[in-house]
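Using the numbering used here, the first residue of the sequence shown is number 15, and each one after it goes up by one.
Structure record follows, encoded as structure tokens.
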Amino acid sequence: MNGQPRVYIGCYGDAEQATIHAFAFDADHGRLLPLQQLAGVGNASYLLPADDRLYAVSETATGEVVALAVDADGRLSEINRVSSGGDSPCYLAKTGNALLVANYFGHNAALLPLTVEGQVRKIVSEVRHQGASGVDVERQDAPHLHSITPSPDGRFALVCDLGRDEIVVYRIDGQQLLPHGVVSTAPGDGPRHLLFDAAGRFVYVVGELTSTVLVYAWQDGALVHRQTISSLPAGFAGANTGAELQLSPDGAFLYASNRGHDSIATFRVADGLLEVVGQTHCGGQMPRNFALSPCGGWLLVANQASGNLALFARAADGVLTQAPLDVQLDRPVCVKFA
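Now the structure itself:
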């Protein structure tokens, strides 16, 4: 199994439950081979593989960031844990020798240094959002920081504030987060997650509340809006929220998940802009998160409401075809290949 990619699944559940599941992935046959079920991390809603470590949030009122060692067989053991600095941490990213964490109900984000052994240390820099909320009175009652993502050069960190309809750019100065700029999305978009293309020229953002993907040009800490495109098929009138997005390894296709329509939307990428290819049923209900395999030939979906993982083969033209897979888990919400 040592030559096979690992897959780590984070789930909601009490600390007494197994909320992190480790698998080896057989890319030749599209199979998940169980390695471990790990308890001890309540609501492990976001995972981050980095080097020979796995970092996890515990999305609770007394939020924590947990560092885990990964052995040669892909099995996990806890190194240490520290406070995330706020209520309900929901996202982790690594920049240099530090972690970035976003706290959804804590209304803040923070930088936590890492030791050479992979231990996570206490917060050394924190930013907190305050003030007016958005137009959706239920979901935008206050600032809700849903992700924090470093720029490819490590100079900036971009925070998606779902509650304020803002993408806030911070400059990373040593281990300090310093204000740099703010871009407002359309009212009610609810920006959730974002990613950069491989060249660092474009930024793609999920508008959770409007089921859209927002496209921005990126240059030296500045965002310029280029496109907003729906992830839903024309004529769909049901309730839906966007969740995750991923680019194919060659950058030619972008995928986004729809919770409600229960699909993965496929977009073709041309000079940074998006063109809809279509939507593929997610193989379950409420596709909270998904990930592409390192080879780009597979897409694995965590369906939170139906409690299953669904696997799709990905063709050269971007089209997804569901493959046989029978893995049932309690409220899976994060998928990471390593």
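For each residue, glycine too, the CB sits at the ideal point set by N, CA and C.
Because the structure is a prediction, the values reported are computed rather than measured.
In this chain, the beta strand (DSSP E) harbouring S198 covers Q190 to S198. The residue among D101, R20, A212 and L334 with its C-alpha nearest the C-alpha of D40 is R20. The bridge partners DSSP lists for S307 come to none. In the DSSP assignment, K350 is bridged to Y22. Distance from F170 to G235 at the Cβ level is roughly 5 Å; contact confirmed, criterion being Cβ atoms closer than 8 Å.
Beta-bridge partners of Y60 (DSSP): none assigned. In the three-state DSSP reduction, E78 falls in the strand class (E or B). Within a 10 Å sphere around the beta-carbon of P193 sit fewer than 16 other beta-carbons, which makes this residue exposed.
Classified as buried, N322 has 16 or more neighbouring CB atoms from the shown chains inside 10 Å of its CB. Under the three-state reduction of DSSP, F216 is assigned to strand. For V141, the enclosing beta strand (DSSP E) begins and ends at S139 to R142. The Cβ neighbour count for H207, taken over all protein chains shown within 10 Å, is at least 16; the residue is labelled buried. By a beta-carbon distance limit of 8 Å, V134 contacts V96. Their separation comes to about 5 Å.
Of L52, L113, G256 and L268, the smallest CA-CA separation from Q189 is found for L113.
Apart from the 5 residues on each side of it in sequence, V347 sits with its Cβ closer than 7 Å to the Cβ of G24, C25, Y26, S59, R302, N303, A316 and Q318 in its chain, given in chain order. If you ignore the 5 residues before and after F216, its C-beta comes within less than 8 Å of the C-beta of F210, V229, Y230, A231, W232, R240 and G286, all in its own chain and listed in chain order.
In the structure shown, S97 adopts extended strand secondary structure according to DSSP, grouped into three states. In this chain, the beta strand (DSSP E) harbouring S277 covers S277 to A284.
Inclusion of G132 and G168 in the CB contact set at 9 Å is not warranted, their separation being larger than that value. Shown here, H121 sits in coil according to DSSP, grouped into three states, outside any helix or strand. DSSP places V227 in the uninterrupted beta strand (DSSP E) bounded by T226 to Q233. By a beta-carbon distance limit of 8 Å, G145 does not contact N122. Their separation comes to about 13 Å.
In the structure shown, the three-state DSSP call for H160 is strand.
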